[in-house]
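Participant:
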Amino acid sequence: MTSMALREAAAVSPEWRGRGGIIGLLVAETSLFAVFVVAYLFYIGKSLTGPYPKDVLALPIFTTVCLLSSSVTVALAVQALRNGAWRRSGAWLLVTIVLGAIFLAGTAREWFGLIFGHGLTIGTNLFGSTFYSLVGLHASHVTIGLVMLTLLCVFAFTGALRREHIGRAELVSWYWHFVDAVWVVVFTVVYVIGR
Amino acid sequence: MSVLSGTVDARRRAEAHRPWLAVLHDWVVTVDHKRLGIMYVVTGIVFLIVAGLEASTMRLQLAFPALNLVPPETFNRLFTMHGTTMVFLVGIPIVFGFGNYLVPLMIGARDLAFPRLNAFGFWVLLFGGLLLHFSFIGGDGLYGAGSAPAVGWFAYAPLTSQAFTRGNATDYWNLALLVAGFGTIATAINLLTTILTMRGPGMTLGRMPVFVWEMLTISSLTLIILPPLSAAQIMLGLDRYLGAHFFDTQAGGSAVMWQHFFWFFGHPEVYILILPGFGFASEIIPVFSRKVLFGYVTLVAASVGIGLIAMGTWAHHMFVVGLGSALNTAFAASTMLVAVPTGIKIFNWLGTIYGGKIRFSTAMLFCCAFLFQFLCAGLTGIMLSVAPFDWQLSDSYFVVAHFHFVLIGGLIFTIFAAIYYWFPKATGRMLSERLGRWHFWLFVIGFNVTFLTMHIPGLLGMPRRIYTYAGDRGWETWNLIVSLGVPFQIAAILIFVVNIVMALRRGQPAGDDPWDAWTLEWATASPPPPYNFEVVPVVSSRRPLWDLKHPDDPDGPHE
C-alpha cells in the first residue's frame with residue numbers, strides 16, 4: 001500500500017450505492033446465464049431424437065434488431081431525463097417498451113410454431129430442454145425489464161418522475177442493456193453455433 | 196465503565212417492561228443490521244444443534260458393528276440432512292450473520308447499503324431452512340414414498356431423478372436450497388456494496404480490518420459461484436417436473452454435468468465458509484497477543500488469492516469419475532496451489548503470536564486450537580489432491596475426517612472464538628471465562644477423539660455413508676473411539692448454551708471495550724445504539740482505537 005493510496009479520502013458518493021447493488025446483481029445474473037449457456041453448448045448434437053435445431057430454427061433477425069435498438073432508445077430516454085425533458089423521456093421509454101414487446105411477441109410466435117408445428121417441447125429431447133430453458137430464462141428477464149420500463153414510463157407521463165430519480169432510472173437502463181447483451185450471446189450460441 | 200453499564204441496564208429495564216409481543220414484533224420487522232446479524236447467528240446455532248443431534252444419532256448407530264438402531268433409509272436421510280443443514284443453514288448464516296453485524300461497525304457505517312434487502316435475505320434463508328426441515332413431517336407427498344431427502348448433500352444425478360427418488364423428498368432439498376440461495380446472493384450483494392461504497396472517513400481499502408477483507412472476498416465469490424448451483428437446481432426441477440433431460444442419461448443427458456455444476460459451487464463454498472474463519476482469527480489473535488497483525492498486506496493478498504484459485508479447483512472432487520490424465524493433473528496442481536496462500540496465513544498468525552504478550556482468554560484458546568487443527572486439515576487436503584491417493588480414499592472416512600477438520604477444527608472453532616470475543620459487544624455482558632474453559636477443553640478433546648481417530652478407519656478402507664459394517668473388518672475399535680468423542684462434544688455445546696443463557700441473565704457488564712482492542716466496533720457502546728456511532732470516527736491507520744488511546748504514538752507512520 002502506497003502512502004498516497006492510504007491518504008485519499010474513503011468516502012464514496014452515495015449514487016454508487018445503487019450502482020454497486022445493480023452491478024452485483026448483474027454479476028450474479030451473468031453467472032446464472034453462463035451455466036445455461038455452457039449446458040446448451042455441451043448438449044449440442046447430443047439429442048437422441050429429433051426435431052433438431054437445423055430443421056426447425058429460423059434466424060430471428062427482425063426481433064433481434066428490435067431488441068438491440070431498444071438499448072439505444074433507452075439510453076436516449078435517460079439522456080432526455082438528464083436534460084429535464086420529461087415528456088421526451090417518456091416517449092423514448094414508450095418506444096423502448098414497444099420494441100421489447102415486439103421481441104417478446106416474436107419469441108411467443110416462434111415457440112408456438114415449435115410446439116404446435118414441430119412438436120418440440122422441453123421434454124422432447126435435449127435440444128428442447130436446453131433451448132426452452134435458455135431462451136425462456138432470457139425472455140423472463142425481458143419481461144421483468146418491460147415491467148420496470150412500463151412503471152418508469154407511467155411515472156414520466158404522470159410527472160411523478162423527478163430529477164432525484166434519474167439515478168434509479170439509469171439503473172433500470174443498465175439492467176436493460178444487460179438483457180440485450182445476454183441476447184447477443186444467446187443468439188450466437190443458439191442460432192449461429194447451435195444450428 | 197459504571198456510567199456505561201448503567202445505560203445498558205436502563206435500556207434492559209425499559210426492554211423488560213414492554214409486552215413480549217411488542218418485543219417480538221420489533222425483531223420481526225427490524226431492518227437493523229445488528230439485529231439481523233444476531234438473528235442469523237442464533238438461527239445458525241439452532242440448526243447446529245439440530246444437525247449435531249443427527250450426527251450423534253449416526254455415531255450411535257456406527258459405534259458397534261452390525262447394530263440396527265437406525266434403519267438404512269433413515270440413515271441416508273440423517274446424513275443428507277446433516278450435511279445440507281451444516282453447510283447451508285449453519286455455516287452460511289453464521290458467517291454472513293457476523294458479516295452483517297460487524298462489517299458496518301468495523302468500517303464506520305450506520306447500516307448496510309440496503310437494509311430492507313438485508314431483512315429479505317435473512318427471512319428467505321430462514322424459511323428455506325424451515326422448508327427443508329418441514330420435509331421430516333410433510334415430505335410424504337403424493338406417492339407416500341420417503342420423508343426427508345436421502346440423496347446426500349451433493350445430490351448426485353441420476354439418483355435425484357423421478358425414477359429413483361419418487362415422492363417429494365428430493366424436491367424439498369432442491370427448492371429449499373434454491374430459496375435459501377437467493378437470500379444468500381442478496382446478502383452478498385449487500386455486503387459487497389456496503390464495503391465498497393460506505394466506508395467512513397479515512398477508512399481506505401488498505402486500512403480495513405482483515406475480517407472485512409475476508410467478507411469482501413467471499414461476497415464477490417458468492418456472486419460468481421452460488422448462481423451456478425441455482426441454475427443446476429432449476430435444471431433439476433425441470434428434469435423432475437417438466438420431463439427435461441439435462442441429467443437424464445437415457446436421453447443423452449449427462450450425470451457428470453451435475454457434478455461439474457455442483458462442485459463449481461461446492462468447492463468454493465468451502466472457502467466462503469473458512470475465509471471468514473480466517474478473518475475471526477486475524478482479528479482475535481493480535482488483540483490477545485498485544486501485537487500488530489504480522490504481515491497485513493500478505494494476509495489480505497493471500498485471502499484474495501485463495502478466492503481466485505478457489506474457482507479453478509472443483510474437479511478434485513471428481514477424480515474417481517475418470518476425467519483423464521490432463522484434467523486430473525491440472526486440478527491436482529491447482530488444488531496444491533491453494534496450499535501456498537494458506538501457508539502464508541499460518542505464518543502470519545504465528546508471526547503475530549511470536550514474541551507477543553499472550554493472554555489466554557477463551558477466544559484465544561479456540562484460535563490456538565484452530566491453528567493446529569487447521570494445519571492438520573490442510574495437510575490431509577494436500578494428500579487428497581494427489582489424484583492416485585484420492586482414487587484410493589475417495590468416499591472413505593478419511594475424506595470425512597478431512598473435511599470435518601476443515602469445517603469444525605477450522606470454522607466452528609473460530610466461530611466459537613468469535614462468539615466469545617464479540618458477545619460482550621452484542622449484548623453488553625461478558626460470557627463466563629470459567630465455563631468457557633470447560634467448553635473449550637471438552638470440545639477440543641471430544642473433537643480430536645472423534646475426528647483425529649476417524650482418519651484411521653478411512654485409511655483401513657471404511658467407506659462413508661454406510662449405515663453399518665461387519666465386525667471382522669478391523670474397524671470396530673476405531674469406530675467405538677470415534678463415537679466416544681461425541682458425548683464430550685455434546686457436553687461442551689451444553690455448557691456453551693448454559694454460558695450464553697447465564698450471561699444474558701446476569702453476566703458481568705462488559706463496558707465498551709473489554710479486551711482493550713483496536714478496531715472501530717469497540718469505539719461505540721455495548722450493545723451499540725441503532726445508529727452505531729454518534730460521531731463516526733476519522734480513521735488514520737489500521738488500528739483506529741490504538742491511535743485514540745495513544746495519541747503520542749499513532750500507528751500511521753509505521754504502516
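Chains as they are written, first to last, in the numbering used here: chain D, 1 to 195; chain Z, 196 to 754. Note that beta-carbon positions come from the ideal geometry of N, C-alpha and C, so glycine has one too.
#1: Any Cβ of chain D within less than 8 Å of the Cβ of Z:A340?
#2: Give me the DSSP bridge partner(s) of Z:S484.
#3: Judging by CA-CA distance, which residue of Z:H462, Z:G706, Z:T389, Z:A246 is the nearest neighbour of Z:P299?
#4: Please tell me whether D:V27 has its Cβ less than 8 Å away from any Cβ of chain C.
#5: Kindly indicate the opening and closing residues of the alpha helix (DSSP H) around Z:L312.
#6: When you compare only the Cα positions, how much space is there between Z:M625 and Z:A476?
#7: Z:K620: buried (16+ other C-beta within 10 angstroms of its C-beta) or exposed?
#8: Which residues bound the alpha helix (DSSP H) around Z:Y549?
#9: Establish whether the CB of D:F116 and some CB of chain Z are separated by less than 8 Å.
#10: Smallest Cα separation from Z:P288: which of Z:G378, Z:L327, Z:N369?
#11: How far does the alpha helix (DSSP H) with Z:F638 in it reach, from first residue to last?
#12: In terms of residue numbering, what span does the alpha helix (DSSP H) encompassing Z:P739 cover?
#13: Out of Z:Y491, Z:V581, Z:A250, which has the shortest C-alpha to C-alpha gap to Z:N523?
#14: Skipping 5 residues on each side, what residues in its chain have a beta carbon closer than 6 Å to that of Z:L606?
#15: For D:I122, decide whether its Cβ has a neighbour in chain Z, counting only Cβ atoms nearer than 8 Å.
#16: Scan the segment 239-283 of chain Z and note each continuous alpha helix (DSSP H) run of 4 residues or more that stays entirely inside, going in chain order.
#17: What's the gap between the Cα of Z:V198 and the Cα of Z:V601?
#18: For the ligand NAD, I want to know if Z:G472 counts as a neighbour, meaning its beta carbon is within less than 7 Å of at least one of the ligand's heavy atoms.
#19: Restricting to Cα atoms, I'd like to know which of Z:P422, Z:G551, Z:L297, Z:L264 is closest to D:V35.
#20: With DSSP collapsed to three states, give me the class of Z:S591.
#21: Give, in chain order, every residue of the segment 437-454 of chain Z whose Cβ lies closer than 9 Å to some Cβ of chain D.
#22: Along chain D, in chain order, which residues have C-beta atoms closer than 7 Å to that of Z:A427?
#23: Over the uninterrupted alpha helix (DSSP H) stretch that includes Z:S180, give me the two end residues.
#24: Which residues does DSSP list as the beta-bridge partners of Z:P704?
#25: Would you please state the rounded distance, in angstroms, between the beta carbons of D:V185 and D:V37? I believe it to be under 8 Å.
#26: Output the boundary residues of the alpha helix (DSSP H) element that contains Z:S721.
#27: Whole angstroms are fine: how far does the CA of Z:T279 sit from the CA of Z:G500?
#28: Give the straight-line distance between the Cα atoms of Z:P652 and Z:L257, rounded to the nearest whole angstrom.
#29: Just verifying my parser: in three-state terms, what is the DSSP assignment at Z:V285?
#30: Secondary structure at Z:P752, three-state DSSP: helix, strand or coil?
#31: What is the C-beta distance between D:G159 and D:W86, in whole angstroms, given that I count them as a contact (C-beta under 8 Å)?
#32: Could you check whether the Cβ of Z:M430 sits closer than 8 Å to any Cβ belonging to chain D?
#33: Would a C-beta distance cut-off of 8 Å place Z:G546 and Z:G490 closer than the cut-off?
#34: Of all the options Z:D585, Z:D366, Z:F309, Z:N694, which has the alpha carbon lying nearest to the alpha carbon of Z:R632?
#35: So, at 7 Å on beta carbons, what are the nonlocal neighbours of Z:L231 in its own chain, with the 5 sequence-adjacent residues on each side left out?
#36: Is any beta-carbon of chain D found at less than 8 Å from that of Z:A525?
Facilitator: So, to answer that:
#1: Unreliable positioning characterises Z:A340 in this predicted model, as indicated by a pLDDT of 47, which lies under 50. A coordinate reading is not provided.
#2: For Z:S484, which the question treats as bridged, DSSP gives no partner whatsoever.
#3: The alpha carbon of Z:P299 has as its nearest neighbour, out of Z:H462, Z:G706, Z:T389, Z:A246, the alpha carbon of Z:T389.
#4: Judged by its chain identifiers, the structure shown contains no chain C, and its protein chains are D and Z.
#5: 310-333
#6: 19 Å
#7: buried
#8: Note, Z:Y549: premise wrong, no alpha helix (DSSP H); not H, not E.
#9: False, the Cβ-Cβ gap to chain Z never drops below 8 Å.
#10: Among Z:G378, Z:L327, Z:N369, the Cα nearest to that of Z:P288 belongs to Z:G378.
#11: 628-654
#12: Z:P739 -> alpha helix (DSSP H) spans 739-744.
#13: Among Z:Y491, Z:V581, Z:A250, the Cα nearest to that of Z:N523 belongs to Z:V581.
#14: L468, I469, G472
#15: Between D:I122 and chain Z, the shortest Cβ-Cβ separation is below 8 Å.
#16: Whole alpha helix (DSSP H) segments, 4+ residues: 267-279.
#17: Confidence at Z:V198 is low in this model, with a pLDDT of 44, below 50, so the placement of that residue should be treated as unreliable; the coordinate-derived value is given next. Roughly 43 Å separates the two Cα atoms.
#18: The model depicted lacks the ligand NAD and carries no ligand whatsoever.
#19: Among Z:P422, Z:G551, Z:L297, Z:L264, the Cα nearest to that of D:V35 belongs to Z:P422.
#20: Note: Z:S591 maps to strand in three-state DSSP.
#21: L437, G438, A439, H440, F441, D443, Q445, A446, G447, G448, S449, M452
#22: Under the 7 Å cutoff, chain D gives V35.
#23: Only positions 196 to 754 of chain Z appear in the structure, and residue 180 of chain Z is not among them; the question remains open.
#24: Z:R624
#25: 6 Å
#26: No alpha helix (DSSP H) holds Z:S721; DSSP gives it neither H nor E.
#27: For Z:G500 and Z:T279, the gap between their C-alpha atoms comes out near 27 Å.
#28: 12 Å
#29: helix
#30: helix
#31: So it is a contact: roughly 7 Å between Cβ atoms.
#32: yes
#33: Yes.
#34: Restricting attention to Z:D585, Z:D366, Z:F309, Z:N694, the CA atom closest to the CA of Z:R632 is found in Z:N694.
#35: So the list reads T225, N295, N313, A314, F317, once near-sequence residues are dropped.
#36: Not closer than 8 Å to any Cβ of chain D, the Cβ of Z:A525 fails to qualify, so no.
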